[in-house]
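*Asks:* Residue numbers for the sequence shown follow numbering that gives the first Met the number 0, so the first one is 0 and each next one is one higher.
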Amino acid sequence: MPEPSQERLMKDAIRVLNNPFWINGLEAGKVHQRLHDDHDGTHAGTLNVLIGPDGDCHTWNDGQPGQSLRFRVPVLGGGMSPRVRNALMMLAFAIKLDNEDYPQRSEDLE
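Here you go:
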């Protein structure tokens, strides 16, 4: 199968960003967490995405979700950034896949 063109990838990205969705396999209430690549042995600097039971997406760096940024579901949830919310949904999925394919040690995430 040939590689998709840049034009095709851009059209696909716009389609994903413009349409609310839920990704099967992402659990509501589970934090999807990934340590950044350049922690230089400090094991500090995690990116966190949480999909709430209402479909809202929360993100924060390190620490607890009390300091999270929340992007709500559009229309019913009052979300004003539907594309950002969709991108965070994709980011959570990307973190899930990377954690499966390239696991990080549990002590790296503490």
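For glycine and all other residues, C-beta sits at the position ideal for the given N, C-alpha and C.
Would you give the residue range spanned by the beta strand (DSSP E) that residue 50 belongs to?
*Replies:* Where residue 50 is concerned, the enclosing beta strand (DSSP E) stretches over 45-50.
*Asks:* Near residue 31, which residues of its chain fall below 6 angstroms by C-beta distance, leaving aside the five closest residues on each side in sequence?
*Replies:* Cβ neighbours of residue 31 beyond the five flanking positions: 48, 91, 94, 95.
*Asks:* I need the boundaries of the beta strand (DSSP E) containing residue 33, first residue and last residue.
*Replies:* Start and end: 30-34.
*Asks:* Helix, strand or coil for residue 17 per DSSP?
*Replies:* Here residue 17 sits in helix by DSSP.
*Asks:* Considering only the beta carbon of each residue, do residue 53 and residue 70 sit closer than 8 angstroms?
*Replies:* No, these two residues do not count as a Cβ contact at 8 angstroms.
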